[in-house]
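The opening residue of the sequence shown carries number 316 in the working numbering; numbering runs sequentially from there.
Where a beta carbon is used, it is the ideal one built from N, C-alpha and C, also for glycine.
The structure displayed is predicted, hence computed values, not measured ones.
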Amino acid sequence: MKKFNFRLQSVLDLKKQEEEAIQKELARLIQEYRKIEKKIDNLKAEKKNIQQKLEKEEGIKINPSQAVRTRNYIKFLRDEIEELTLKLNYWEDEIKKCRQNLISKTKEKKSLVKLRDRKYDEHWQEMLSEEQKLNDELAINKFNYKGNRSQGL
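Here is the structure:
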């Protein structure tokens, strides 16, 4: 019985490795995206707390220089949030590109897997056919042998 040999196995293995590498890259990009998202959330929460504190203190006597510093800090936080939002958009685009690349590599791999499976099925059918021919030949030989013995040859 011949062993099944898929001629494109090395190509399939390469596609699997490429797919795994892209999956790791996608995971890294998503992790970076979430890290920036968390920074934005923290800055927004800090900005909100400082604004609320400033509003409370405005009702009471407040040091004018302290109010200016607080407003400047709020502006700084706003600018940081905007900058991080731009970075977030960049990472979002990178994630989309990586996902498209992953989809493409997955399709390539799946088509090779389907081809391999089809070739394996063909190989299996061929082996069954050869085995059936061998069994038929053995049965014919056995029949002929019995027939020749009964005729006394």
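Where residue i sits in the DSSP three-state scheme
i: ILE455; result: helix
i: LEU323; result: coil
i: ASN378; result: coil
i: LYS363; result: helix
i: LYS412; result: helix
i: LYS318; result: coil
is_contact[residue i, chain D] using C-beta, thresh 8 Å
i: LYS353; result: No chain D appears in this structure, which consists of one protein chain only.
Cut-off 7 Å between Cβ atoms - residues of its own chain near residue i, not counting five sequence neighbours on either side
i: PHE407; result: Before going on, a small fix: residue 407 reads as Glu here, not Phe. Excluding sequence neighbours, GLU407 sits near TYR348.
i: PHE319; result: TYR435 and HIS438
i: LEU344; result: TRP406, GLU409, ILE410 and CYS413
Buried versus exposed, by CB contacts within 10 Å (16 or more), residue i
i: LYS457; result: exposed
i: ILE418; result: exposed
i: LYS368; result: exposed
Own chain partners of residue i with C-beta closer than 8 Å, once the 5 adjacent residues on each side are dropped
i: LEU341; result: ILE410, CYS413, ARG414 and LEU417
i: ILE355; result: ILE396, LEU399, THR400 and LEU403
Own chain, CB closer than 6 Å to residue i, minus 5 neighbours either side, in chain order
i: GLU395; result: LEU358
i: LEU392; result: LEU358 and LYS362
Q: Inspect the CB distances between the region 426-441 and the region 360-375 and report whether three or more fall short of 8 Å.
A: Contact annotation: the region 426-441 does not touch the region 360-375, with fewer than three C-beta pairs closer than 8 Å.
Q. Below 8 Å, can you find three or more Cβ-Cβ pairs linking the region 326-339 to the region 388-401?
A. Using a Cβ-Cβ distance cut-off of 8 Å, the region 326-339 and the region 388-401 are not in contact, since fewer than three pairs of beta carbons, one from each stretch, lie closer than that value.
Q: Spell out a yes or no on whether the region 416-430 and the region 325-332 are touching, meaning 3 or more CB-CB pairs, one atom from each, closer than 8 Å.
A: Enough Cβ pairs lie closer than 8 Å, so yes.
Q: Assess, as a yes-or-no matter, whether the region 442-455 is touched by the region 370-382 under the definition of 3 or more beta carbon pairs within less than 8 Å.
A: The region 370-382 makes no contact with the region 442-455, as fewer than three CB pairs between them are under 8 Å.
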